[in-house]
Amino acid sequence: MLGGVTRTSTSLHGDSVRYKRIVPEYFRRIFHYPQMDIEYTFWIMFYLCFNPARVYRNTSWHKQTKNQWARDDPAFVVILVFFMSIASMSYAIAFHYLSILHIIKTMFWAVFFDFITVGLVVATAGWWISNHFLRESAHHHSVDQKVEWLYAFDIHCNSFFPLFIILYVIHFFLLPVFMSTNITIFKKYKSIPIPYSGIVHIICTGGNPKY
């Protein structure tokens with residue numbers, strides 16, 4: 001379920017000014033660690049894996065208190081980028097890509113393509129489609145509703161985290177099992193790890209919708 005920014009037509013200009021103020025502040029706080037709420041971010045990450053509905057309810061409360069759906073704290077993105085950097089570096093080492101160049105390339109690809117680039121594309125597409133095709137027609141006594149782009153990116157981040165846990169963390173610790181030549185079934189069926197990895201990716205993609 002996508003939330004929206006609720007505004008009357010007379011306050012659209014004020015909404016635009018406020019949004020332009022929020023975005024520079026969001027990027028500025030990336031470089032100010034004391035301004036980030038790390039404890040709250042880990043709370044979100046925990047409940048995204050075990051009770052995502054609670055995260056959405058908390059987002060609704062955020063809308064009521066701060067009058068915006070999007071998080072104004074970049075801590076979630078910063079921590080997730082850090083986790084992905086560590087995970088991608090671990091994969092590079094596990095597959096014996098020990099040169100600094102290979103490790104940096106692996107980290108760059110994981111962070112800037114898998115997470116950021118794909119996220120920008122998905123968030124922009126979802127934001128545009130929602131505002132152009134999924135908005136309810138405004139009635140005389142109703143208010144105009146628009147989806148914030150930053151909230152669309154938050155949805156991408158929220159849905160990406162459980163996928164990260166499965167594909168980057170759990171999958172990593174299962175590598176010794178599925179790459180082992182000492183397990184009887186893998187000696188007989190050497191191609192098992194290939195479809196297994198594909199199935200895991202399909203499950204993560206299909207079972208982790210952008211809510």
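Using the UniProt record's numbering, the first residue of the sequence shown is number 1, and each one after it goes up by one.
Where is the CB? At the ideal position from N, CA and C, for every residue including glycine.
Burial check for Gln68: the Cβ neighbour count within 10 Å reaches 16 or more, so the residue is buried.
For Asn51, the number of other beta carbons within 10 angstroms of its own is below 16, and it is reported as exposed.
A direct Cα-to-Cα measurement between Ala92 and Thr106 gives close to 7 Å. Minimum Cα-Cα distance from Asp72 among the listed residues Pro176, Ile170, Asn158, Tyr151 corresponds to Tyr151. In chain order, Arg29 place their CB closer than 7 Å to the CB of Gln35, counting only its own chain and leaving out the 5 sequence neighbours on each side. Around the beta-carbon of Val118, fewer than 16 other beta-carbon atoms lie within 10 Å, marking it exposed. With the rule of 3 Cβ pairs closer than 8 Å, the region 76–92 does not count as touching the region 57–65. If only complete runs of 4 or more residues are kept, the region 91–135 shows the alpha helix (DSSP H) at 100–108, 118–133, in order along the chain. Less than 8 Å divides the Cβ of Met84 from the Cβ of Tyr168. In this structure, Trp127 sits away from Trp109, with a CB-CB distance that is not shorter than 8 Å. With a 10 Å radius around the Cβ and a threshold of 16 neighbouring Cβ atoms, Ala53 comes out exposed. Between Leu80 and Phe173, the gap from beta carbon to beta carbon reaches 8 Å or more. Around the beta carbon of Phe112, fewer than 16 other beta carbons lie within 10 angstroms, which makes this residue exposed. Only buried fits His156, as 16 or more other CB atoms lie within 10 angstroms of its CB. Between Ala75 and Thr41, the gap from beta carbon to beta carbon is short of 8 Å.
Taking 8 Å as the cut-off, the Cβ atoms of Asn131 and Val147 count as close.
When the beta-carbon positions are compared, Asp154 and Ala70 come within less than 8 Å of each other. Ranked by Cα distance from His32, the options Phe115, Lys63, Val78 are led by Val78. Going by DSSP, Pro52 is part of the alpha helix (DSSP H) stretching over 52–66. Listed in chain order, the non-local C-beta contacts of Ile165 below 8 Å within the same chain comprise Cys49, local neighbours out to five positions each way being set aside.
A distance of 8 Å or more separates the beta carbons of Tyr97 and Ile104.
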